[in-house]
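**Student:**
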Amino acid sequence: MVDHHFSDPDMAELYDHFSHWRVSPQDDFYLDLVMGAEAVLDVDCGTGKLHRVARERGHTGRLVGLDPAEAMLDVGRRDRADVEWVLGDLVRGPYQARADDSFEGGFDLIVMSGHAFQVFLTDEEVRANLAAVRRALAPGGRFVFETRNPDARGWLAWAPEKVRTVEGPGGREATCVHRLREVDGELVTFTSDYHVQGWEETKVSRSTLRFLAAEPLNAFLAGAGLRVSAQYGYWDRTPLTPAGEEIITFARPA
247 MVDHHFSDPD MAELYDHFSH WRVSPQDDFY LDLVMGAEAV LDVDCGTGKL HRVARERGHT
307 GRLVGLDPAE AMLDVGRRDR ADVEWVLGDL VRGPYQARAD DSFEGGFDLI VMSGHAFQVF
367 LTDEEVRANL AAVRRALAPG GRFVFETRNP DARGWLAWAP EKVRTVEGPG GREATCVHRL
427 REVDGELVTF TSDYHVQGWE ETKVSRSTLR FLAAEPLNAF LAGAGLRVSA QYGYWDRTPL
487 TPAGEEIITF ARPA
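Under the numbering used here, the very last position in the sequence shown is 500; numbers go up by exactly one each time.
(1) Taking only three categories from DSSP, how would you classify residue 451?
(2) Secondary structure at residue 336, three-state DSSP: helix, strand or coil?
(3) Which partner residues of residue 436 appear in the DSSP bridge assignment?
(4) Given this structure, state the Cα-to-Cα distance separating residue 254 from residue 317, to the nearest angstrom.
(5) Out of 401, 408, 473, state which residue places its alpha-carbon closest to the alpha-carbon of residue 453.
(6) In three-state DSSP terms, what is residue 331?
(7) To which residues of the same chain is residue 345 closer than 6 angstroms at the C-beta, ignoring the five residues directly before and after it?
(8) Does the Cβ of residue 336 have 16 or more other Cβ atoms within 10 Å, making it buried, or fewer, making it exposed?
(9) Quick one, which of 426, 386, 396, 442 has its alpha-carbon nearest residue 361's?
(10) Provide the residue span of the beta strand (DSSP E) that contains residue 478, from first to last.
(11) For residue 497 and residue 391, what's the separation of their Cα atoms in angstroms?
(12) Let's see if you can read the secondary structure: which residues bound the alpha helix (DSSP H) around residue 285?
(13) Going by C-alpha to C-alpha distance, which of 420, 433, 440, 467 sits closest to residue 377?
(14) My output table needs one value for residue 490: the three-state DSSP class, helix, strand or coil.
(15) Taking the alpha helix (DSSP H) that residue 227 falls in, what are its first and last residues?
(16) Is DSSP giving residue 350 helix, strand or coil here?
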């Protein structure tokens with residue numbers, strides 16, 4: 247099921263205001279990888295910010311943005327028609343499949359940014375999605391993604407006193423507040439309250455993410471036929487340590 251955060255058109259319109267280009271060092275990190283690859287699949291691409299910027303910077307190869315939320319893809323489509331926007335997910339593929347929509351062995355780079363990997367909550371979901379990544383990679387291709395390091399306990403920052411305010415659609419003030427609701431082993435549940443000046447009501451999205459440590463994560467990758475070629479703890483490619491915020495992983499077909 248797609249989070250309300252992503253499926254509601256008003257919320258999708260807000261996304262780029264809170265997650266604008268270079269809001270995180272990950273943007274340039276992934277852009278460098280995309281610009282060096284011929285065929286790129288961005289899984290759970292959201293509004294497709296990464297591919298949109300890659301086209302602006304002169305990428306001439308195949309760029310595919312895959313996401314299960316039509317409202318998010320609509321934002322990307324309005325900006326650029328020279329990216330393949332595909333409604334679907336890795337396991338089921340395109341929801342409106344055509345003969346030329348096969349992902350089999352078609353990509354020399356697959357990325358999953360914005361901590362999208364953490365939406366896979368069960369072992370079965372992780373295995374199924376990693377198997378789909380393996381199938382979609384061309385020989386010698388790379389899968390690059392990140393997940394928050396559970397040892398850093400990043401969920402502690404999701405507190406109601408930390409209100410983020412940006413200029414929203416039409417120049418109106420927009421606010422977001424994350425509230426931690428539950429920590430149950432590897433699963434962390436939180437809500438996000440969004441409000442834009444002029445809205446009658448605040449819109450609330452509830453999300454659950456899985457915080458996998460590096461050891462079990464790497465075991466899942468190996469089980470899917472993917473070999474870890476590098477792992478980092480932050481976007482400057484510093485080594486992965488228990489205190490690092492991220493687990494940034496490069497994997498190739500074994």
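Even for Gly, the Cβ is constructed at its ideal location relative to N, Cα and C.
The structure presented is a predicted model; accordingly, all values stated were derived computationally and were not measured.
**Tutor:** Quick answer:
(1) strand
(2) coil
(3) 426, 453
(4) 6 angstroms
(5) 401
(6) strand
(7) Because residue 345 sits at a pLDDT of 47, beneath the cut-off of 50, its placement in the model cannot be relied upon, and the point is left open.
(8) buried
(9) The residue with the shortest Cα to Cα distance from residue 361 is 396.
(10) Looking at the DSSP string, the run of the beta strand (DSSP E) that includes residue 478 is 472-478.
(11) 9 angstroms
(12) Unbroken run through residue 285 is the beta strand (DSSP E), 285-289; no alpha helix (DSSP H).
(13) 467
(14) coil
(15) Limits of the chain in this structure are 247 at one end and 500 at the other, which puts residue 227 out of reach.
(16) In the structure shown, residue 350 falls within a coil segment according to DSSP collapsed to helix, strand and coil.
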